[in-house]
Amino acid sequence: MSWDPNEVAETLARLQREGVLPESRIESMGDQIVMLAAARWEHNEIQQQIVGHVRAHGLMGLTTQDVVLPDGREPIPDVTVLDGPPAPGSKPIAGETLLLVEIVSESNWRSDYMGKLERYAWAGVPEYLLVDPRDKLIFRYQRPDRQARRWHGKEDFAFGDDIPLLCLPDHPLGTADWPSYA
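What follows is the structure, encoded as structure tokens:
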């Protein structure tokens, strides 16, 4: 029996909207459907601070917006940064975004550290921030190598640091007020 993971994810999302399934995030990750529990308040606060920063400087920051990878998979980054809105009814193409951000959850951290890191490089995402509130760390990845599915640039930061971003070179992202899980 063959099934399309994206169709299954859309059906599950519809069932959530109709109140049949509990509120959670649903992602299509290849041949897997991943249902994630609601995020902690610390996760949401970091997410909102990032969105507020990019919007304050003229960019579009979207939360829980699925993006399209070259193979049709549709992961849902915590923050997607674009230079303007996508076409009505469309989803952003991952390689056409300016920045993707994942905020590590306590239960599904492996997906952010391994699977998405490789997939976003393969998709040609120009910059990826991996925020880990468990250890108060931020990893910035740049210069993706699509063929090798890896990044040529990686820098480590700690909560409290200002992070320079390719999409906002004159406006570093402040992290001094980011809460941790500890």
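Just so we're aligned, residue 157 is where the sequence shown starts under the working numbering, counting upward by one.
Glycine is no exception: its CB is placed at the ideal position from the N, C-alpha and C atoms.
Under 8 Å between C-beta atoms, does residue i make it to chain D?
| i | result |
| --- | --- |
| D317 | The displayed structure is made up of one protein chain only, and chain D is not part of it. |
From residue i to residue j, what distance separates their C-alpha atoms?
| i | j | result |
| --- | --- | --- |
| D291 | G316 | 12 Å |
| E230 | V287 | 20 Å |
| D326 | T167 | 42 Å |
| D209 | L322 | A quick correction: the sequence has His, not Asp, at residue 209. Cα to Cα, the separation comes out at about 14 Å. |
| M216 | L256 | 12 Å |
| P289 | W307 | 22 Å |
| M137 | N264 | Given that the chain is displayed from residue 157 to residue 338, the structure contains no residue 137 and the question cannot be resolved. |
| A314 | T236 | 21 Å |
| T253 | P233 | 11 Å |
Would you identify the three-state DSSP class for residue i, choosing helix, strand or coil?
| i | result |
| --- | --- |
| E163 | helix |
| R275 | helix |
| D317 | coil |
| D268 | helix |
| R170 | helix |
| Q298 | strand |
| W334 | coil |
| D291 | coil |
| G309 | strand |
Thinking just about the alpha-carbon of each residue, which of the options is nearest to the one in residue i?
| i | options | result |
| --- | --- | --- |
| G280 | I259, P226 and D222 | P226 |
| V224 | Y276, P289 and A314 | Y276 |
| H213 | G240, G228 and A194 | G240 |
| D318 | K310, R306, A332 and W307 | A332 |
| P320 | Y284, Q203 and L238 | Y284 |
| P282 | G251, A243, K272 and E198 | G251 |
| G309 | L273, G228 and A194 | L273 |
| L238 | P244, L218, G228 and I232 | L218 |
| G330 | R170, A195 and Q203 | Q203 |
| P335 | N200, E163, A194 and R170 | N200 |
Run the CB neighbour count on residue i, radius 10 Å, all protein chains shown included, and call it buried at 16 or more, exposed below.
| i | result |
| --- | --- |
| D312 | exposed |
| T220 | exposed |
| E258 | buried |
| A304 | exposed |
| R296 | buried |
| S267 | buried |
| S261 | buried |
| request: Taking only runs that begin and end inside the region 178 to 264, name each unbroken alpha helix (DSSP H) of 4 or more residues, in chain order. | output: 197 to 212
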